[in-house]
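Undergrad: Numbering (my numbering), first residue to last: 567 to 764. This is the structure I want to talk about, given as structure tokens.
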């Protein structure tokens, strides 16, 4: 499994994976539920900056994450502008971007093994209902790491296009991005099947 973990020494890196994931979930939910106004879009941005500063990850990494999701931002804004006025379109895009970038803090500051252990521990009470905590934890961990992985794939596609002199454009980006995304999903599926996860 591809991980985007960046080694660090701040208190946020040392925090247990379970409480860290829960705290980030609350922040993401809070940002997602903000009203669709310019002031709330600014608030979502401010919360994101604060989260990266407080966690010790820093603004340089925040910049990398925002650049990494730039195509998600463009696509989200383009579709929003088609159906809603400009203010909610910008606010909705800001909230989606903030939620993605804040959620990325979890995989940036937590090793996948620690994340899996925390998820499995949290799901143990559900064994009595016939659930397999190890399998569910693995599926959830894969889901959590999917957005950052897709971000990295998007950056790779754009860099490859730039190296070949392909002009930037939505259509010229989407098709190769879908191809590499589906290839990644296929490889991930094969890897999970090889480990007995069906």
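Glycine included, each C-beta is placed from N, C-alpha and C at the ideal position. A quick note: this is a predicted structure, and the numbers were derived from the prediction, not measured.
Residues in the same chain with beta-carbon distance under 8 Å from residue 671, minus the five sequence neighbours each way, listed in chain order, please.
TA: One-based indexing of the chain shown puts residue 671 at position 105. 578, 590, 617, 618, 621 and 623.
Undergrad: With a threshold of 16 other CB atoms inside 10 Å of the CB of residue 612, please say whether the residue is buried or exposed.
TA: On the chain shown, position 46 is the one that residue 612 refers to. Exposed is the call here.
Undergrad: Quick check: the Cα distance between residue 631 and residue 756, rounded to an integer number of angstroms?
TA: Here residue 631 is taken as the residue at index 65 of the chain shown, counted from 1. Here residue 756 is taken as the residue at index 190 of the chain shown, counted from 1. Roughly 28 Å separates the two Cα atoms.
Undergrad: Given that a residue counts as buried once 16 or more other Cβ atoms are within 10 Å of its Cβ, and exposed if not, what is residue 567?
TA: Counting from one through the chain shown, the residue named residue 567 turns up at place 1. For residue 567, the predicted model reports a pLDDT of 39, less than 50, meaning its position is unreliable and no value from the coordinates is stated.
Undergrad: Does residue 730 come out as helix, strand or coil in the three-state DSSP assignment?
TA: Within the chain shown, numbered from 1, the residue matching residue 730 stands at position 164. Coil, per DSSP.
Undergrad: Rank 674, 640, 574 and 657 by C-alpha distance to the C-alpha of residue 599 and give the top, closest one.
TA: If you number the chain shown from 1, residue 599 lands on position 33. Checked all of 674, 640, 574 and 657; the closest Cα to residue 599 is 657.
Undergrad: Work out the CA separation of residue 696 and residue 739 for me, nearest whole Å.
TA: As a position in the chain shown, residue 739 is number 173, starting the count at 1. As a position in the chain shown, residue 696 is number 130, starting the count at 1. Approximately 43 Å between the Cα atoms of the pair.
Undergrad: Between the alpha carbons of residue 667 and residue 759, how many angstroms are there, rounded?
TA: In the chain shown, counting from the first residue as 1, residue 667 sits at position 101. In the chain shown, counting from the first residue as 1, residue 759 sits at position 193. Residue 667 and residue 759: Cα-Cα distance of roughly 30 Å.
Undergrad: Thinking residue 640 and residue 663 are a contact (beta carbons under 8 Å), I'd like their distance in whole angstroms, please.
TA: Taking the first residue of the chain shown as 1, we reach residue 640 at position 74. Taking the first residue of the chain shown as 1, we reach residue 663 at position 97. That pair is no contact at about 11 Å.
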